[in-house]
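Protein chains: 2
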Amino acid sequence: MASLKNCITMMDEGIGRVSQIIPEMPAPEARLCRLMLMVGGSLEAELEFKLKPHKLNHSEFLTLMILYSRPDGSSTPGELCEYATQGATNMTRIANTLVKRGLITRGASAEDRRRVSIRITAAGKRFVRKMLPPMFPRVGLMFAGFSDTDKRNLDRLLRRLAQNLDQLSEPTHP
Amino acid sequence: MASLKNCITMMDEGIGRVSQIIPEMPAPEARLCRLMLMVGGSLEAELEFKLKPHKLNHSEFLTLMILYSRPDGSSTPGELCEYATQGATNMTRIANTLVKRGLITRGASAEDRRRVSIRITAAGKRFVRKMLPPMFPRVGLMFAGFSDTDKRNLDRLLRRLAQNLDQLSEPTHP
DNA sequence: GTATTTTAGTTCACTGATGAAATATGAACT
DNA sequence: AGTTCATATTTCATCAGTGAACTAAAATAC
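Okay, structure coming up:
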C-alpha cells in the first residue's frame, strides 16, 4: 500500500511547480481539494477494509445503518436512494442481497401500493449491534491528537464545504 | 441529485438515535467520519463532472497531472501506481488510453530495460494548460466564505488525519 | 558463471458498480 | 375513462478496477 504521506509530499511539490507555470491557479484551494480527495479515499478504503470480514460493502452498510437508525426501522427504496446517494438500480440490488441475508425484509406499503416498504429485521439489528462496537477503537485512533476544538473546527469546516458543494450543483435556486 | 444538506441532517439524527442505543459509540468521531465520506464523495463527483467534457476520468487526470508537474515530465508505471494509488494492471490501461490520445508516450528506459519510461507530450502539456484554468472558478466557489485561517486549519487537520490513517494501515513499524 | 530469486510490466478473464431504457403497477389529475 | 406522473424492478451495456498467470530483465546466491 502506498502511504498517504508520500502522496502528500508529492502533491505539495507538484502543486508548487504547476502554480509556477500557471500562476492563476488557486494553489491553496487546489491543495485542499486534493487533500480532501486523498484522505476521503483512504478513509473509504479503511471502512471497506473493516466491512470486508462481514461481507458488506459501503453502500450495503450505509443502507443497513440508515434503517437501523430509524425509529421504526423502515424506509422505502426511493428514500434510501436519496440518503445513500445511490441509483435506483443499485438500490434494488443492495436490497436483494440484504434480503437474501435475512437482515431486511421487503413488503408492500399499505397506503401507496406502488411503494415498497423495506424494514430491518431483528436479525439485522442484532447484526449491527454486534459488528459496530469492534470498529470504535480504530475510529478513535483516526482522530488521535485532535483536541475537542479541532474536532469542532473540522466539523464546522466540512459542513460549510458541503453547503458550498450543494450550491455548485444547483446553480438555479427554486 | 440528492443534496448533501439532506443527507447531513439525516445523518445527524441517525447518529443521535444510534448513540442512544449504543452509548459506547464515539459519536463526534463517527460524525466526522461520515462527513468526510460524504463531502469527499461529493467532491469526487464534482471533479468527475468537470472532467467528463474532456473524456477523462479521475485516475487518468491524476496520472496526467503527476506527469505534468514533473520537472522533466516523465515517470514510470510503478511510480505512477504509487502516487495515483492504482494497481499496476489499471495503470497499464490508463497509460494505453493516454497514449492513444497522444497525451503521453511510452518508451524503454535506458538504464533498466525492465522499466518503461512514460513521458508527457507537448500536446499533453497544451491539453493541461487549456483544460485546467476553466476549473479554477468552481474551485474558488467551493471555499467561498473560508477565511485564510479556516483554510490553514482545514489543511492542518486533514494532514493530521492523513498521518493517523497511515499509522492505521501500518500496525508494525519497520 | 550459471542458477535462483526478485522486480517491472503486460495480458487475460473476471467482478462490481453504474446508467439508460423498457416494463409493470398504481396513484393523481382532467 | 383516459392521460399523465410516480415507484420500483428488470434487462442490457459499459466502465473501472482487481487477481492470476506470464514475459523479460536485473539482482543475488552459490
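Chain order of the listed sequences is A and B. Counting from 1 along the first sequence, just add 2 to a position and that's the residue number in this note's numbering. Counting from 1 along the second sequence, just add 2 to a position and that's the residue number in this note's numbering. No residue lacks a Cβ here, since even glycine has one placed at the ideal position from N, Cα and C.
- Put simply, the CB of leucine 66 of chain B is far from chain A, with every gap to its CB atoms at 9 Å or more.
- Alanine 32 of chain A is positioned such that its CB atom lies no closer than 9 Å to that of isoleucine 10 of chain A.
- Between leucine 37 of chain B and arginine 115 of chain A, the gap from beta carbon to beta carbon reaches 9 Å or more.
- Taking C-beta separations shorter than 7 Å and ignoring five residues to either side along the sequence, the partners of threonine 99 of chain B in its chain run Glu62, following chain order.
- When the beta-carbon positions are compared, histidine 60 of chain B and glutamate 46 of chain B come within less than 9 Å of each other.
- A straight line joining the alpha-carbon of leucine 34 of chain B with that of serine 111 of chain B spans about 45 Å.
- DSSP places threonine 151 of chain A in the uninterrupted alpha helix (DSSP H) bounded by 150-171.
- Here isoleucine 120 of chain B carries a strand assignment [DSSP, helix/strand/coil].
- With a cutoff of 9 Å on beta-carbon distance, leucine 6 of chain B and glutamine 165 of chain A are scored as near each other.
- Residue contact with chain B for lysine 54 of chain A: absent (no Cβ-Cβ distance below 9 Å to any residue of chain B).
- Chain-order list of chain B residues neighbouring phenylalanine 148 of chain A: Glu31, Leu34, Leu159, Arg162, Leu163, Asn166, by C-beta distance under 9 Å.
- For asparagine 59 of chain A, none of the residues of chain B pass the 8 Å Cβ criterion, the least Cβ distance being about 13 Å.
- For the C-beta of lysine 102 of chain B, not a single chain A residue is nearer than 8 Å; the gap to the nearest is close to 24 Å.
- Residue pairing by DSSP puts isoleucine 106 of chain A in a beta bridge opposite A:Ile122.
- At a cut-off of 9 Å between beta-carbon atoms, arginine 131 of chain B makes contact with chain A.
- Against chain B, the beta carbon of alanine 4 of chain A has neighbours under 8 Å at Cys83, Glu84, Tyr85, Thr87, listed in chain order.
- By a beta-carbon distance limit of 8 Å, glycine 126 of chain B contacts leucine 66 of chain B. Their separation comes to about 6 Å.
- Per DSSP, reduced to three states, the secondary structure at serine 77 of chain A is strand.
- With respect to chain B, the C-beta atom of glycine 42 of chain A has a partner C-beta closer than 9 Å.
- DSSP places phenylalanine 63 of chain A inside the alpha helix (DSSP H), whose first and last residues are 60-70.
- In the three-state scheme derived from DSSP, where H, G and I count as helix and E and B as strand, methionine 27 of chain A is classed as coil.
- Residue state for serine 44 of chain B is assigned as helix, using DSSP reduced to three classes.
- Going by C-alpha positions, isoleucine 24 of chain B is about 32 Å away from aspartate 168 of chain A.
- Sorting B:Gly142, B:Thr123, B:Leu163, B:Glu50 by C-alpha distance to the C-alpha of glycine 147 of chain A places B:Leu163 at the top.
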